[in-house]
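Heads up: the structure comes next, in structure tokens.
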Amino acid sequence: MDPIIKASDVQYCTLQCPDLDVQEQFLIHFGMHTVEKTDEMLLMKGDGTQPFIEKVLKGEKKFISLAFVASSMEDLEKISKTESFSDIEELSTPGGGYVSKGQDLDGFGVEVVYGIKNLEKTAETIPTNEGRTVNRVNQMKRFLKGSYPRILRFAHAGLNAINVQDSFDWYQKHLGLIASDRLFLGDPKDPNTPLQGIFSRLDKGLEPADHHTIFFLSAAMLSEGKPVMNHVSFEMFNIDDVFTGNEMLEAKKDEFNYFQEWGIGRHYQGSQLFDYWRNPFGQTHEHQTDGDMFDNTFPTRDLNVTIDEAGLGEEPGESQWGPAFSNTFGNAENG
Ligand SMILES: [Fe+2]
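Rendered as structure tokens:
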């Protein structure tokens, strides 16, 4: 079945936090900059072109919504006429634009936006020499000691869903998402094997898309059946920023009550270099870089994650290197 529209990108996430000052300080250490702050709302940006990448509302900790980008105003109109989405409103946030708001099967908010003016300037990246592939000649790579990690863009969300397959199907139908990897706790061909999660990506035709834009995980397996945020993820400029981010959060964690959930390591599915940190309320934020990019011809893989898919070591589908999967990952603490 053809989807109603095919989203072309993601733009920002919206979270609710009990204390905006605490979240602002965490996000600054995490690599963001304050764009706007009132008693009720905080907007934070990275160093890329998105005018803001995390919106924070004041209140009980909660995942509010994920914003997708429509390819055209006609697509925004199309989605706004469906039962699950609202009429189009004008956005008053930086960059302007228009939004239609909906809700998925678990009650998570879904925004579809169009016409947000992105910023022109981004921070400079210094080219990386890899082996004898020389991208940097007569130029030194220097980071100011103790500098903040640089975030390129809001990248994806992990959501614990009551029914992983039904949730994916909903996003497929409304926004055109494609399944990259379906994770089974056993033989994928056996209909009784539990489905643990689905990594899903945008359908951008032959233009490469991130391996995942939403990672649906089983709420029954992780968060006592409650649909909660699993994590929100931000793409860093490069590997140095994952490590400078780690150094920054390590240095601040005792004073500010941060908690490293899992990292630094290299994922299997998606292949990203990752580092997950919880803010003082327990909401997990990920730094990641160097992920796989697939166009819409790459087939869905059904994986048995209880065995090592690459056959290169003993650790099952968690990380290729780095620490083992934390046993609190994606628990109900994320809210
Ligand atoms: Fe992630």
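Every number in my numbering is 141 more than the matching position in the sequence shown, counting from 1.
We treat Cβ as the ideally placed atom computed from N, Cα and C, and that holds for glycine.
Here the structure is a predicted model, which is why all the values come from computation and not from measurement.
How far does the alpha helix (DSSP H) with residue 352 in it reach, from first residue to last?
Here residue 352 refers to the residue found at position 211 of the sequence shown. Element bounds for residue 352: n/a, residue is neither H nor E.
Which runs of the alpha helix (DSSP H) spanning at least 4 residues fall entirely within the stretch 193-226, listed in chain order?
Listed in chain order, they are 214-221.
Can you have a look at residue 385 and say buried or exposed, based on whether 16 or more other CB atoms are within 10 angstroms of its CB?
Taking the first residue of the sequence shown as position 1, residue 385 is located at position 244. Flag for residue 385 reads buried.
Taking the beta strand (DSSP E) that residue 173 belongs to, which residues open and close that run?
Taking the first residue of the sequence shown as 1, we reach residue 173 at position 32. Looking at the DSSP string, residue 173 is not in any beta strand (DSSP E), and its letter there is neither H nor E.
By how many angstroms is the C-alpha of residue 295 removed from the C-alpha of residue 408?
Locating residue 408 in the sequence shown gives position 267, counting from the first residue. Locating residue 295 in the sequence shown gives position 154, counting from the first residue. Answer to the nearest angstrom: the Cα atoms are 18 Å apart.
For residue 186, collect the residues of the same chain with a Cβ closer than 7 Å to its Cβ; drop the 5 residues on either side in sequence, then sort them by chain order.
Here residue 186 refers to the residue found at position 45 when the sequence shown is read from its first residue. Around residue 186: 173, 174, 176, 192, 193 and 194.
Using the DSSP secondary-structure output, state which residues sit across from residue 413 in a beta bridge.
Residue mapping note: residue 413 aligns to position 272 of the sequence shown, counting from 1. None; residue 413 has no bridge partner.
Is the beta carbon of residue 411 less than 8 Å from the beta carbon of residue 353?
Within the sequence shown, the letter at position 270 stands for residue 411. Within the sequence shown, the letter at position 212 stands for residue 353. For residue 411 and residue 353, yes; Cβs fall inside 8 Å.
What ranges does the alpha helix (DSSP H) occupy inside the stretch 260-347, keeping only unbroken runs of at least 4 residues that lie completely in it?
Whole alpha helix (DSSP H) segments, 4+ residues: 305-316.
My output table needs one value for residue 365: the three-state DSSP class, helix, strand or coil.
Locating residue 365 in the sequence shown gives position 224, where the first residue counts as 1. Three-state result, residue 365: coil.
I believe residue 146 touches residue 216 by the beta-carbon criterion, under 8 Å. Please report the beta-carbon distance rounded to the nearest angstrom.
Along the sequence shown, read from residue 1 onward, the residue named residue 146 stands at position 5. Along the sequence shown, read from residue 1 onward, the residue named residue 216 stands at position 75. The Cβ separation is near 4 Å, so the contact holds.
In chain order, what residues of the same chain have a beta carbon less than 6 Å from the beta carbon of residue 189, not counting five sequence neighbours either side?
As a working note, residue 189 is residue 48 in the sequence shown. These residues qualify, in order along the chain: 263, 293 and 294.
What residue from 159, 238, 234 and 231 has the CA that sits closest to residue 202's CA?
Counting from 1 along the sequence shown, the entry for residue 202 is found at position 61. It is 159 whose Cα lies nearest to the Cα of residue 202.
Taking the Cβ atom as the reference point for each residue, do residue 161 and residue 219 lie within a distance shorter than 8 Å?
As a position in the sequence shown, residue 161 is number 20, starting the count at 1. As a position in the sequence shown, residue 219 is number 78, starting the count at 1. Contact flag unset, no.
Just curious, the alpha helix (DSSP H) that residue 397 is in, first and last residue?
The residue you call residue 397 lines up with position 256 of the sequence shown. Element bounds for residue 397: 380-397.
I need the DSSP call for residue 375, collapsed to helix, strand or coil.
Taking the sequence shown and counting its residues from 1, the one referred to as residue 375 is at position 234. Note: residue 375 maps to strand in three-state DSSP.
Does ligand 3 have even one heavy atom less than 7 Å from the beta-carbon of residue 356?
For the structure depicted, ligand 3 is absent and the ligand set comprises only ligand 1.
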